[in-house]
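Below you'll find the structure, written out as structure tokens, and then a few comments.
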Amino acid sequence: MPLISHKRSAGASAEHGIIPAAVLAGETATGEATNMAPGGHGGAGAAWAVRRNGRLPGWGFQRRGLSRRGAASYPAAMPSPVLWALVLLTPVVAAVTELGGCGPCDAARCPALPPRGCPLGRVRDACGCCWQCGRGEGEACGGAGVAGGRCAAGLECVKSRKRRKAKGGPGPASTSGPAAPVGVCVCKSRYPVCGSDGLTYGSGCQLRAASLRAQSRGEPAISQRSKGACEQGPSIVTPPKDIWNVTGAQIYLSCEVIGIPTPVLIWNKIIQGQYGIQRMELLPGDRENLAIQTRGGPEKHEVTGWVLISPLSKEDAGEYECHASNAKGEATASAKIHVVETLHEIALTKDDGAEL
């Protein structure tokens, strides 16, 4: 905005302040009222008037505050404060729109979706105008305008503002200012679910993604059967191994099983009877040198059991069975204990899985 220079003869003092003449229709240096027209000496293009004699032209203010007339009076030519606020905010609003705000919706300008459709379904953009493919778990999201990514159904965008700190001080290492908000799509339901296909999924979002993939292959959709993992019969994770050792040693057999619900694990010794008939001896029985230990884990719905024998005798030789069961079924695995007098008697043809 250009400035008008005023001579001392006009009564202007260098110590006096200045105010915009475009805002005020004030007094001239001689005290006469003027209507400043655009293009004139006091128009909007030349925008400064002089304060003289401690009084602001056209205002009810004195040098030390309000005059005795009370509140300041607005000249007839002065725009209202609300109008000035709107004028000042107009460039800011326009700048926000240019930087990614939502303008008028023009569906003809929306980007095309993939020919085969969206793997996780489609969602509206941040402006609610165009369709776009939903982002999956772990993918970036957020941002303003049509460029901002949106999470697929069942997911939410978790945002965080991060600043790169300089090693020498608290300020940001870069001069580009604070980083824009960063978001990652995460599932709203973060617990395992059982699908109608009998498989367990880590979350409802994973189940939905698997269902959409199945439908794209022409297969039936997968629905949620229940919360939590699907029930399943026991399975042997780590079976017991054959053992070769001498009398008097301390040995153990171990067995690890998994199932939902968590299986019950027991140990039996298989006794060979006459005519090839087998019978099971539930352990530990009344044997003083044998103990059974069981604990849960190491993973959820797993259980591990041990047979501890000390000292080992020839009567302990034989086949031992690990038996696991739950409401969905049962599973077994077995191993043999070979007792010898000396280590030299161990057969050279023993299985590679055998232990000493």
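In the UniProt record's numbering, the protein residues as written are 1 to 356.
Beta carbons are placed, not taken as given, at the ideal position from N, Cα and C, and that holds for glycine.
Item                                                                                                                                                          : Value
Can you have a look at D316 and say buried or exposed, based on whether 16 or more other CB atoms are within 10 angstroms of its CB?                          : buried
Would the beta-carbon of S211 fall within 9 Å of that of G228?                                                                                                : no
Can you give the Cα-Cα distance for I260 and T342, rounded to whole angstroms?                                                                                : 44 Å
Which residues bound the beta strand (DSSP E) around R295?                                                                                                    : 290 to 296
Buried or exposed: which applies to V285, given that a residue is buried once 16 or more other Cβ atoms fall within 10 Å of its Cβ?                           : A quick correction: the sequence has Gly, not Val, at residue 285. With fewer than 16 other Cβ atoms within 10 Å, it is exposed.
DSSP has V158 in a bridge; who is on the other side?                                                                                                          : V184
For V339, count the other beta carbons within 10 Å of its own beta carbon; 16 or more makes it buried, fewer makes it exposed. Which is it?                   : buried
Residues in the same chain with beta-carbon distance under 6 Å from V123, minus the five sequence neighbours each way, listed in chain order, please.         : G134, R150
Between which two residues does the beta strand (DSSP E) containing L312 stretch?                                                                             : Here L312 belongs to no beta strand (DSSP E), and DSSP marks it neither H nor E.
Among R225, Y252, K336, R116, which residue has its Cα nearest to the Cα of residue 357?                                                                      : Outside the modelled stretch of the chain, which goes from 1 to 356, sits residue 357, for which no answer is possible.
Use the C-beta contact count for Y320: other C-beta atoms within 10 angstroms, 16 or more gives buried, fewer gives exposed.                                  : buried
For S226, which residues of its own chain have a beta-carbon under 6 Å away from its beta-carbon, when the five flanking residues on both sides are left out? : C194
For A209, which option in W131, C118, E281, K328 has the closest C-alpha, if you only look at C-alpha atoms?                                                  : C118
Under a three-way DSSP split, which group does residue 359 fall into?                                                                                         : Absent from the structure is residue 359, since the part of the chain shown begins at 1 and ends at 356.
In this structure, how does DSSP classify E231 when only helix, strand and coil are distinguished?                                                            : coil
Near I346, what residues of its chain come up, given a Cβ to Cβ distance below 7 Å and the 5 sequence neighbours on each side ignored?                        : W244, V340
How would you label Y191, buried or exposed, when you count the other beta carbons within 10 angstroms and need 16 or more for buried?                        : exposed
Given that a residue counts as buried once 16 or more other Cβ atoms are within 10 Å of its Cβ, and exposed if not, what is D106?                             : exposed
Does DSSP classify R287 as helix, strand or coil?                                                                                                             : coil
Return helix, strand or coil for A331, following the three-state DSSP convention.                                                                             : strand
Can you tell me whether A152 is buried or exposed? The criterion is at least 16 other CB atoms within 10 Å of its CB, across all chains shown.                : buried
Where does Q278 land, buried or exposed, given buried means 16+ other C-beta within 10 angstroms?                                                             : exposed
Along the beta strand (DSSP E) that carries E256, what are the first and last residues, could you check?                                                      : 251 to 260
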